[in-house]
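Step one of this worksheet: look at the structure below.
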Amino acid sequence: MAANGAFGRVLVGVKRVIDYAVKVRVKPDKSGVETVNVKHSLNPFCEIAVEEAVRMKEAGLATEVVAVCVGPKKAQENIRSALAMGADRGIHIETDEEVAPLNVARILAEVAKAEEPSMFILGKQAIDDDSNQTGQLLGGFLGWPQGTMASKIEPVSDTAVHVTREIDGGLETLELSLPAVVTADLRLNKPRFAALPNIMKAKRKKIDAKTPADFGVDMASSLQTLEVNEPPVREAGIMVGSVDELVEKLKGDGLI
Amino acid sequence: MFALTSSALATACRRSLSTAAPALASLYNPTEEHELLRQTVRAFADSEVRPQALEHNREEKFNLELFRRLGSELGLLGITVPEEYGGSGMDAVGAVIAHEELSAADPAFTLSYLAHSMLFVNNLAVNGSHEQKLKYLPKACSGEFVCGMGMSEPAVGTDVLNLTTTARANDDGSWTLNGAKMWITNGTVSKDRELGDAFLVYARTAEGPKGISLFLVDKGMPGFEPGAKIEDKLGMRASSTSGLVFEDVVVPADALVGEVNGATLCMMRNLEIERLTLAAMSLGIARRSIEVMNNYSTERMAYGKPLREHGQMKAHLANSYAEYMAGRAYTYEVASRLELDSYGNQLDTDGVKLFAADMAKDVADRAIQVLGGYGYVGEYEVERLYRDARLISIGGGTNEAHQNNMSKVMARIQQFE
Ligand SMILES: Cc1cc2nc3c(=O)[nH]c(=O)nc-3n(C[C@H](O)[C@H](O)[C@H](O)COP(=O)(O)OP(=O)(O)OC[C@H]3O[C@@H](n4cnc5c(N)ncnc54)[C@H](O)[C@@H]3O)c2cc1C
Numbered sequence: 001m002a003a004n005g006a007f008g009r010v011l012v013g014v015k016r017v018i019d020y021a022v023k024v025r026v027k028p029d030k031s032g033v034e035t036v037n038v039k040h041s042l043n044p045f046c047e048i049a050v051e052e053a054v055r056m057k058e059a060g061l062a063t064e065v066v067a068v069c070v071g072p073k074k075a076q077e078n079i080r081s082a083l084a085m086g087a088d089r090g091i092h093i094e095t096d097e098e099v100a101p102l103n104v105a106r107i108l109a110e111v112a113k114a115e116e117p118s119m120f121i122l123g124k125q126a127i128d129d130d131s132n133q134t135g136q137l138l139g140g141f142l143g144w145p146q147g148t149m150a151s152k153i154e155p156v157s158d159t160a161v162h163v164t165r166e167i168d169g170g171l172e173t174l175e176l177s178l179p180a181v182v183t184a185d186l187r188l189n190k191p192r193f194a195a196l197p198n199i200m201k202a203k204r205k206k207i208d209a210k211t212p213a214d215f216g217v218d219m220a221s222s223l224q225t226l227e228v229n230e231p232p233v234r235e236a237g238i239m240v241g242s243v244d245e246l247v248e249k250l251k252g253d254g255l256i
Numbered sequence: 001m002f003a004l005t006s007s008a009l010a011t012a013c014r015r016s017l018s019t020a021a022p023a024l025a026s027l028y029n030p031t032e033e034h035e036l037l038r039q040t041v042r043a044f045a046d047s048e049v050r051p052q053a054l055e056h057n058r059e060e061k062f063n064l065e066l067f068r069r070l071g072s073e074l075g076l077l078g079i080t081v082p083e084e085y086g087g088s089g090m091d092a093v094g095a096v097i098a099h100e101e102l103s104a105a106d107p108a109f110t111l112s113y114l115a116h117s118m119l120f121v122n123n124l125a126v127n128g129s130h131e132q133k134l135k136y137l138p139k140a141c142s143g144e145f146v147c148g149m150g151m152s153e154p155a156v157g158t159d160v161l162n163l164t165t166t167a168r169a170n171d172d173g174s175w176t177l178n179g180a181k182m183w184i185t186n187g188t189v190s191k192d193r194e195l196g197d198a199f200l201v202y203a204r205t206a207e208g209p210k211g212i213s214l215f216l217v218d219k220g221m222p223g224f225e226p227g228a229k230i231e232d233k234l235g236m237r238a239s240s241t242s243g244l245v246f247e248d249v250v251v252p253a254d255a256l257v258g259e260v261n262g263a264t265l266c267m268m269r270n271l272e273i274e275r276l277t278l279a280a281m282s283l284g285i286a287r288r289s290i291e292v293m294n295n296y297s298t299e300r301m302a303y304g305k306p307l308r309e310h311g312q313m314k315a316h317l318a319n320s321y322a323e324y325m326a327g328r329a330y331t332y333e334v335a336s337r338l339e340l341d342s343y344g345n346q347l348d349t350d351g352v353k354l355f356a357a358d359m360a361k362d363v364a365d366r367a368i369q370v371l372g373g374y375g376y377v378g379e380y381e382v383e384r385l386y387r388d389a390r391l392i393s394i395g396g397g398t399n400e401a402h403q404n405n406m407s408k409v410m411a412r413i414q415q416f417e
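The listed protein sequences derive, respectively, from chains W and P. Residue numbering for the first sequence follows full-length UniProt numbering, starting at 1 and increasing by one per position. Residue numbering for the second sequence follows full-length UniProt numbering, starting at 1 and increasing by one per position.
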């Protein structure tokens, strides 16, 4: 079993995204989606990652939880949310450029080299672009073992954890030696509500301001967005009276 | 052309309800802490409070377990109390945010929250001694204690300075209380009339309107019993309302809060934050009513088009929104300049409640109208909001009391800012 404080520092990646409840709209010029005056929040999977790290600290496993965010000036609000949940400090790498997984992973890898955590926890994906790449790329850059889409993280010693992953047909448990990258799936935990006293304390916690250039990363993307379109409107379905009628319809439409 | 404008308007409308425009955001969320407070209370209200509201309304049952979580999990019960007493050290705007957001989910539950956090906890934090605060506030902030305040009596409400419950000074410095209180929120906390844990009770210690003092009375003191539990209320049914009876209840000398015959000031100070947060509750009721009628009027078709495209329905939607925003701006503006320990803001603390209470009642009424028959039944939420809204023009002072107070203050003003 892991001893007290065995994990040392835990870093958590947090991303600012359009709130899950907002109905996303494509901009008239099709260059992307509307973001101005639209409610943004902390990516729900990042929230799960923060919760897991804070629980590790509460259980005496981690000594410090650091929330790391690459994003615009306003992302400070979202770092503050993580601090209100219990993270100890923040690192804000400010940029107005698109935060594509490859560049974010490059920056996070540099942050990890400087901070030397024993674990870097991220959300499995962000709900805006659903890329599901940053954790994997980060593990690759650092040469660390990775457990993606974790539904359970259990310490087994001072130098290793078991990570349970939900895969097709069941659960897979990996043993990762530390330091490692873990990405959080929905069932890892249920994030807490930030308590008001902790919200008030968050104000006094430190957020380091950095830029991508501080880590030698150029935010220019190697990918170019040509056009963004609304998904086609789904046509209304019809009710059929019997299986025979269904089969007939499908045949008639040339579907079977 | 027409269709385009109206859909652009609809987009703008939806946005203002989810996030206010940046300039106004600072009035409603002046700091990052206020913003985070709103987020956390709204998330809790949506996932934990709204789902239980209908059932507790039907059963006329106070949700004690959920109430305690406001303290233990969210730190909301001592929202305006300094950290040294177990509170969160927020200001009047913070209190308004908490009441507005909780009330959008369940006004009755929020009324119990208000009676505890504003009428007892904030009252004691502002008017009590260091020792009294140390004794009561940590337990009241954590949710271990459920508390209330007793001012009204069976025979006096508006005319509260004529109250008849008495406190007689004994030779050893203790006091003996006799009399009865009525309409006390959190007076009892269960169906079988278990008393709340502690109360601030106003009692007469001398003749005349100034002869009133404030006392701490605990559950379990001999002679302190629950009166009738008031059932069958029109609204606020999930908030428990009871009488309190005092028969030769001896309270120690240190149960006196503030000065002998000095409670009128405590009362006036506390009524200001009470009225402001009752106005905030009205805002929550109005916002939720607007959300419900707004979404319904998009989905429901009549004569081949959505309800929202029929002229009279547009009036319900637009008028409700404009009145709601006016009430919201007024309430937050007053909150932003209300110091918790001050007195002398009565014109506007009465004013916001007078305006917001009737505004919410009208908005909920229109929401019922937009939903038609569905609006008239409990499952669609606005029926309950409408009934709950009705209390706010009575409790914490009737509309007429506000009009009297305001007119009196206005008589001293020749020119308005
Ligand atoms: C659900 C609920 C919860 C409550 N919770 C609490 C609580 O926790 N603690 C507490 O102390 N009290 C509480 N109250 C009591 C509440 O504050 C009183 O009901 C309110 O102050 C009105 O008093 P009343 O009911 O005695 O009405 P009255 O004062 O008898 O008024 C009856 C009518 O006469 C009008 N009126 C009276 N005087 C005048 C005047 N001078 N000029 C013009 N019109 C006048 C009133 O406006 C009203 O329309 C609660 C009440 C309710 C219904």
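Heads up, the beta-carbon is just placed ideally off N, CA and C, and yes, glycines get one too.
Residue i CB to nearest chain P CB: under 9 Å?
i	result
W:R192	yes
W:E230	no
W:L188	no
W:L223	no
W:Q146	no
W:I199	yes
W:E77	yes
W:L61	no
W:R89	no
W:S41	yes
Tell me, please, whether the CB atom of residue i is closer than 9 Å to any CB atom in chain W?
i	result
P:M90	yes
P:T40	yes
P:G94	yes
P:G143	no
P:A43	yes
P:I290	no
P:T398	no
P:L64	no
P:L74	yes
P:E33	yes
P:E379	no
P:I79	yes
Residues in the same chain with beta-carbon distance under 8 Å from residue i, minus the five sequence neighbours each way, listed in chain order, please.
i	result
W:N189	I48, E51, E52 and R55
P:Y343	L265, M268, R269 and E272
P:G143	F67, R68, R69, L70, G71, S72 and L77
P:E383	I368, G375, Y376 and V377
P:L134	Y85
Can you tell me the Cβ-Cβ gap for residue i and residue j, rounded? I've got them flagged as a contact below 8 Å.
i	j	result
P:K219	P:G196	7 Å
P:L371	P:T331	So it is not a contact: roughly 26 Å between Cβ atoms.
P:V251	P:S174	6 Å
P:S213	P:A263	5 Å
W:F45	W:A184	6 Å
W:A100	W:L142	So it is not a contact: roughly 18 Å between Cβ atoms.
P:T185	P:E194	With a Cβ gap of about 15 Å, P:T185 and P:E194 do not count as contacting.
W:T164	W:S151	5 Å
Can you name, in chain order, every residue of its own chain whose Cβ lies under 6 Å from the Cβ of residue i, other than the five neighbours on each side?
i	result
P:N162	V156
P:D341	V126
Using three-state DSSP, classify residue i as helix, strand or coil.
i	result
residue 446 of chain P	Lying before the first or after the last residue shown, residue 446 of chain P is absent from chain P, which here runs from 1 to 417.
W:P231	coil
P:P226	strand
P:L371	helix
P:V156	coil
W:F120	strand
P:P107	helix
P:H310	coil
W:P72	coil
W:P155	strand
What does a CB cutoff of less than 7 Å around residue i pick up in its chain, not counting 5 residues either side in sequence?
i	result
P:H316	M293, R366, Q369 and V370
When the Cβ atoms of the segment 93-112 of chain P are set against those of the segment 160-171 of chain P, are three or more pairs found closer than 8 Å? no
Q.
Contact between the segment 191-201 of chain W and the segment 72-88 of chain W is defined here as three or more beta-carbon pairs at a separation below 8 Å; is this criterion met?
A. yes
Inset, instruction - Decide if the segment 5-17 of chain W is in contact with the segment 117-126 of chain W; the criterion is three or more beta carbon pairs, one per stretch, under 8 Å apart. - result: yes
- [ ] Determine, using beta-carbon pairs with one atom in the segment 350-360 of chain P and one in the segment 281-288 of chain P, whether at least three such pairs fall under 8 Å.
- [x] yes
Is the segment 99-109 of chain P in contact with the segment 221-241 of chain P, if contact means three or more CB pairs nearer than 8 Å? yes
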